[in-house]
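Enquirer: Residue numbering for the sequence shown is 0 to 162, as defined by numbering that gives the first Met the number 0.
Even glycine gets a Cβ: it sits at the ideal position worked out from N, Cα and C.
On a predicted model such as this, the values are computed, not experimentally measured, just so you know.
One structure is given below, represented as structure tokens, and several questions about it will come after.
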Amino acid sequence: MSVHTNIELYKDIADAAGVDPALILLVVGLSNKKGLLFRGVRSEDEWRTHTVTGIKANGGDGQASFWTTGTRIFSASDEHFQDYDTTFFHYAPGKKGTIPRMYIAGTKASKVGVDHEQDSLNRVYRDLSVGEFARLEVVGTHFGGYESLYPIMISHLINYCNS
0 MSVHTNIELY KDIADAAGVD PALILLVVGL SNKKGLLFRG VRSEDEWRTH TVTGIKANGG
60 DGQASFWTTG TRIFSASDEH FQDYDTTFFH YAPGKKGTIP RMYIAGTKAS KVGVDHEQDS
120 LNRVYRDLSV GEFARLEVVG THFGGYESLY PIMISHLINY CNS
């Protein structure tokens, strides 16, 4: 699906993230254009391990880690907004005690040997060293929920996509 064909989907994603739809379109468009892949990490312990030893190819479907690009970063469906099983809304949010956090790793499809397909879920069948991915992290306060972190993480995604 082309990035500009389902405007209602992007409005729904933007509403859930608390940002302008133009920012969602920017992340989707740039990640598709540049072949960027993203992976959410729920657990702070897993995140800390990734920052020291890298990301292992050990997802739930055999020996692969799962990465998304384009619309799939935010929605599991390109027909209607579905936040379950998505990098941004499902896997990135985590907590340590009462403190909300978001962790997203970013890389280029060409860097990890994946044929880039727009708006897709991708499997990476090898381990990634620490130098092969960027680490995007937002830590909140015990006074806010994940929703308070969403606009900040969108900003980090845009900065990464523009780098």
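On the DSSP bridge assignment, give the partners of Val-137 in chain order.
Expert: Partner(s): Met-101.
Enquirer: Beta strand (DSSP E) containing Arg-41: first to last residue?
Expert: That residue, Arg-41, is in no beta strand (DSSP E); it is neither H nor E in DSSP.
Enquirer: Do you know whose CA, among Arg-125, Ser-162, Pro-150, lies nearest Asn-57's CA?
Expert: Ranking Arg-125, Ser-162, Pro-150 by Cα distance to Asn-57 puts Arg-125 first.
Enquirer: May I have a chain-ordered list of the alpha helix (DSSP H) segments no shorter than 4 residues that lie completely inside the segment 46-97?
Expert: Qualifying alpha helix (DSSP H) stretches: none in this window.
Enquirer: Going by DSSP, name the residue or residues bridged to Leu-120.
Expert: DSSP, once it has assigned bridges, lists Thr-67 as partnering Leu-120.
Enquirer: Within 10 angstroms of its Cβ, does Ile-72 collect 16 or more other Cβ (buried), or is it exposed?
Expert: Buried is the call here.
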